[in-house]
């Protein structure tokens, strides 16, 4: 068994070392075009890459109540004990899911996004369903927490970000 592991690990390690030695990990030249590209984009964080120019993010809404039921369903759609926010509405779990997703994207694109929200950097769109507008709001709250001069209430670290409604379904864009 140990001989088999050696025969697997040694070639794997050799291949990794060869790829590592062939990889150019030098810092980019700060003169000329590269410098203008770096400073013209929001490359501020440790993960910043001068090649990243534009990001499209498509998300689905968070967890919600059901859209239909069956005749003997014990969870009646009008029962507020089961669906306190209403039927087909975003649940508390859905709110948390979308907020955490915004935090995750903040950590992934921290170098590309500014620390504060700026209107010219982002446009958020949503369909006109309440659950999708609320999901977008929660996502953006995680993506752009209130900081600095945008902190308007020390007990509520939330930065309002406008969400533009789309009046028709553009799903063909996502599948193109």
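In mature numbering (1 follows the signal peptide of the UniProt record, and there is no 0), the protein residues as written are -25 to -1, 1 to 151. No residue lacks a Cβ here, since even glycine has one placed at the ideal position from N, Cα and C.
Cα-Cα separation, residue i to residue j
| i | j | result |
| --- | --- | --- |
| residue 134 | residue 124 | 11 angstroms |
| residue 101 | residue 48 | 31 angstroms |
| residue 80 | residue 118 | 6 angstroms |
| residue 57 | residue 109 | 20 angstroms |
| residue 141 | residue 35 | 15 angstroms |
| residue 30 | residue 116 | 18 angstroms |
| residue 45 | residue 54 | 15 angstroms |
| residue 52 | residue 37 | 19 angstroms |
| residue 16 | residue 89 | Confidence is the limiting factor: at residue 16 the pLDDT is only 43, short of 50, which leaves the residue's position unreliable and the question unanswerable from this model. |
| residue 39 | residue 82 | 26 angstroms |
| residue 43 | residue 85 | 40 angstroms |
| residue 63 | residue 111 | 16 angstroms |
Opening and closing residue of the beta strand (DSSP E) in which residue i lies
| i | result |
| --- | --- |
| residue 101 | 99 to 101 |
| residue 91 | No beta strand (DSSP E) contains residue 91, which DSSP labels as neither H nor E. |
| residue 52 | Run containing residue 52: none; DSSP gives neither H nor E here. |
Bounding residues of the alpha helix (DSSP H) (the contiguous stretch that carries residue i)
| i | result |
| --- | --- |
| residue 74 | 67 to 83 |
| residue 112 | 105 to 118 |
Proximity below 8 angstroms, CB of residue i to CB of residue j
| i | j | result |
| --- | --- | --- |
| residue 106 | residue 65 | yes |
| residue 132 | residue 120 | yes |
| residue 76 | residue 33 | no |
| residue 27 | residue 87 | yes |
Reduced DSSP category for residue i - H, G, I as helix; E, B as strand; rest coil
| i | result |
| --- | --- |
| residue 142 | coil |
key: At least 3 beta-carbon pairs within less than 8 angstroms: the segment 92 to 101 vs the segment 64 to 79   = By the criterion of at least three beta-carbon pairs nearer than 8 angstroms, the segment 92 to 101 is not in contact with the segment 64 to 79.
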